[in-house]
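Report on one structure; see the data block that follows.
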Amino acid sequence: MSKITTELLLERAVPRSTRLRKIETLNLSKLQLKTGDLDPRLFSRLRHLQKLDLSDNLLDKFPNSLTLPDLRVLNCNNNKLEDVTALKQFPLLEELTYENNVYLTLNDDYKVMFLLQNLRLLNGKDITKQANHVRRVNSRKLTSKVTAHWEKFFRDQLPEKYTAEQVKSIKKKFLKSVQTNVVYGPSSLSEFTRWRVKMIAEEFLAHSLGLELNSDTEPEEKMDESEEENTESTESPREAAEDVAQVGDFSSYISNVTVTPSKRKRNHSKSGPGNKRSKSQANTKEEAEDVSAEPLHFLQCHSKGNSREDFKTQLWSCVFEPVLDSGARKDPIVSSSRTVATCGGESVCLIDCETGTVLKKYKVATEEFFSVAWTTLTMVISNSRKKAHNILAAAGRRGIVKLIHVAADFCYGEIKAHKKPIATVCFSPTQETHLFTASYDKRIALWDIGIPDCDYNFKASQLLVLEAASIPLRLALVPTCPEQYLLAGCEDGCFAWNIKLDKGQKSRPFEAIFQFPDVESMTTSHRVDGLAFLNDDVVVSKSSKPGCIYLWSWSRSFDTKGKGCQRTMSAVILAELEWSTTDMSYLTLSTCPAKDYVFCGDEKGSVWMYNLSSYTTAWGSPKGKRSERRISPTQILKWPELRVNGEQPSEILVNNVVADPAFTYLVVLTSVNITAIWKKS
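Residue numbers (the UniProt record's numbering): 1 to 681.
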């Protein structure tokens, strides 16, 4: 019979408690406890336990499923522990002590520094800097060595078409060889190095050859089934445990894929005259002007738990990395970056559009990412030298913004921006540290994220809160005055705010709401789930009512001379784009201003492309008239017949589609966990 009972736990709580779920501090020291006494079923009821003292016992290891999601401080002094890897189940641990466990060595210290991303104090010492080095520099060096070892000695040993037996054999040889030959750091850490090398090598093989990872090499928290079901919803999130975050280096490709250029059958399309007219007009334009974009890659890199069976994870946002003057990712034959950041489910990926390689992957097991945005910060690197670095912000269901220094493979900080999910984020084009976050709490916040120092210390501050009448979905800063006006497409209309910081008011209502044509009159009440500027003046906005994409003039619609807030203004419509007749929401649009293009996906996996260069000059004149007819798409890219393991994916929605600034690549994000990359010929 176990020494630990409910009564004992209640008695040893500090202070004593009447309910297990209320216990935050627990002292179980000096009870002669062995590993078998730690009953996972009983401990799983300690949902709010933050401090646990297990010192002066007889523990040789920890059970793998104690389920203490909020544990922050753990004392294991004076036990008989032989292994520390089971401590990864406590991802929020900040303070850990295990002195006088004679079997533990310096190698174990390094293991917990790697496994526990939030750990600050180990055996009473501040290990923040050392842990950052272990997670960042050490991991990067070992990954490079493992990859090089494969390329030099094993890549050519695997035939183009290989059997499962051949893969098993080469895996065994590679793991043995790489652990023997990859050396890094002092000999006193050789056990830790072999442990990390094996972990990295197995992850490399899993992504390169489709092999399964060993479960004990995954330093991440797992979601339970109820959380998984919640990932497809865009409602407010449930309470969840804090996350474990890590940047990785390997790609996930859809395996056994057959792409056929024939058109896919439309089993779920709506019938009616609108569809017929759209199809015939689109085909006419297609024949007249074909931009000759060809499908290049199809990736399945956002799978939950790296599962190749995951065709449910929704992909939401993508944005191309800015080009640095000395950036290694700049392709010499094009004028813009070919690296794109994508997000969906629990992960953010960096993808090389030309090769289809997933360069980096960042995962948070309890998150669902909705939006990503880039900025370029000038950081002090060493000896007071300054250098420009690209920083990626990622946010989603948990209302937290993650800040990632991509070149260093390091998530250096987070901002707890909102208590409800963040729908979208964007950086100011003129103030590199200014970040806007739009949340389901019906607020848009402006943050100064600061600039991290060489130790990644930074200070973020909230500068402004914009009150919205409904949930903001899309943001667009006015190009001619990005420090003064912000547009937002919301659940119940399109709004504008004055964001000038020299005004004293920190919390502000909207300044204007825009009216758009309805069936018989003008209306302000409609969901705006697509919003972008085509140039300095022309706004493109998409309503969720069937087939409605408007182009309108900012300067002719917004009355800058008017006074007061919450004014109603009529959008001066320049044109309407012909698009799908679906009433499905959240299929957003994007623009490529340098090429005068608008892109929008539909509910059938197609991408509608509009070349508007022949219209923009006329629209730019002060008396430019509205185009009387709907503008048909220049071309519709049909979703190819894509077979995965012999079967076609189910109904495919295009949630987002984005081109790089030079319109060389087109990245398509879908509702079935597939990222499609097209290239313009």
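The beta-carbon is built from N, C-alpha and C at its ideal position, and this holds for glycine as well.
- Between Leu435 and the set Asp441, Thr424 and Lys442, the nearest pair of CA atoms involves Thr424.
- Contact check for Cys494 against Val528 passes: the beta carbons are separated by less than 7 Å.
- Between the segment 472-482 and the segment 410-420, the count of C-beta pairs closer than 8 Å stays below three; the two stretches do not touch.
- In this structure, Val348 keeps its C-beta atom at 7 Å or more from the C-beta atom of Cys318.
- Under the rule that a run must span 3 or more residues, the beta strand (DSSP E) segments found entirely inside the segment 86-158 read 95-97.
- Inter-residue distance for Thr85 and Ser428 is about 43 Å (C-alpha atoms, whole angstroms).
- Around the beta carbon of Cys454, fewer than 16 other beta carbons lie within 10 angstroms, which makes this residue exposed.
- Between the segment 182-190 and the segment 135-152 there are three or more inter-stretch CB-CB distances shorter than 8 Å, so the stretches are counted as touching.
- Around the beta-carbon of Ser590, 16 or more other beta-carbon atoms lie within 10 Å, marking it buried.
- Cβ neighbours of Leu54 within its own chain (closer than 6 Å, five residues either side excluded): Leu28 and Cys76.
- A Cβ-Cβ distance of about 5 Å is found for the pair Leu574 and Trp619, placing them in contact under the 8 Å criterion.
- Taking a contact to require three or more Cβ pairs closer than 8 Å, the segment 402-411 and the segment 353-368 qualify as touching.
- The DSSP-derived three-state label of Gly450 is coil.
- Three or more beta-carbon pairs separated by less than 8 Å are not found between the segment 550-560 and the segment 448-462, which leaves the two stretches without contact.
- The Cβ-Cβ distance between Trp639 and Ser606 falls below 7 Å.
- Using a 10 angstroms sphere on the CB of Ser292, the tally of other CB atoms stays under 16, which defines it as exposed.
- The Cβ-Cβ distance between Asn64 and Leu33 does not fall below 7 Å.
- Going by beta carbons, Ala512 and Arg567 fall inside the 7 Å limit.
- Straight-line measurement puts the Cα of Asp70 at about 42 Å from the Cα of Lys503.
- Contact check for Cys426 and Ile677: beta-carbon distance about 23 Å, past the 8 Å limit, so the pair fails to qualify.
- Within its own chain, the residues whose Cβ lies closer than 7 Å to the Cβ of Arg626, once the five positions on either side in sequence are excluded, are Ile573, Leu574 and Ala575, listed in chain order.
- Secondary structure of Asn673 (DSSP, three-state): coil.
- Taking 7 Å as the cut-off, the beta carbon of Lys3 is found closer than this to the beta carbon of Asp37.
- CA-to-CA, the gap between Ala460 and Thr433 works out to about 9 Å.
- DSSP, reduced to helix, strand and coil, places His207 within a helical segment of the structure shown.
- Assignment of Tyr665 by DSSP, reduced to helix, strand and coil, places it in the strand class.
- Here Tyr103 is exposed. Its C-beta has fewer than 16 other C-beta atoms within 10 Å.
- In terms of Cβ geometry, Ile391 and Thr375 form a close pair [threshold 7 Å].
- Taking 7 Å as the cut-off, the Cβ atoms of Gly344 and Gln314 count as close.
- Under DSSP, the beta-bridge partners assigned to Asn27 are Asp53.
- Under the rule that a run must span 3 or more residues, the beta strand (DSSP E) segments found entirely inside the segment 35-85 read 51-53 and 73-75.
- With contacts defined as CB atoms closer than 7 Å, Thr35 and Lys61 qualify as a contacting pair.
- About 11 Å separates the CB atoms of Leu531 and Leu486; that is not less than 8 Å, and the two are not in contact.
- Distance from the CA of Asp518 to the CA of Pro546, rounded to the nearest whole angstrom, comes to 12 Å.
- The DSSP-derived three-state label of Gln32 is coil.
- In this structure, DSSP gives Lys416 an extended state, which the three-state scheme calls strand.
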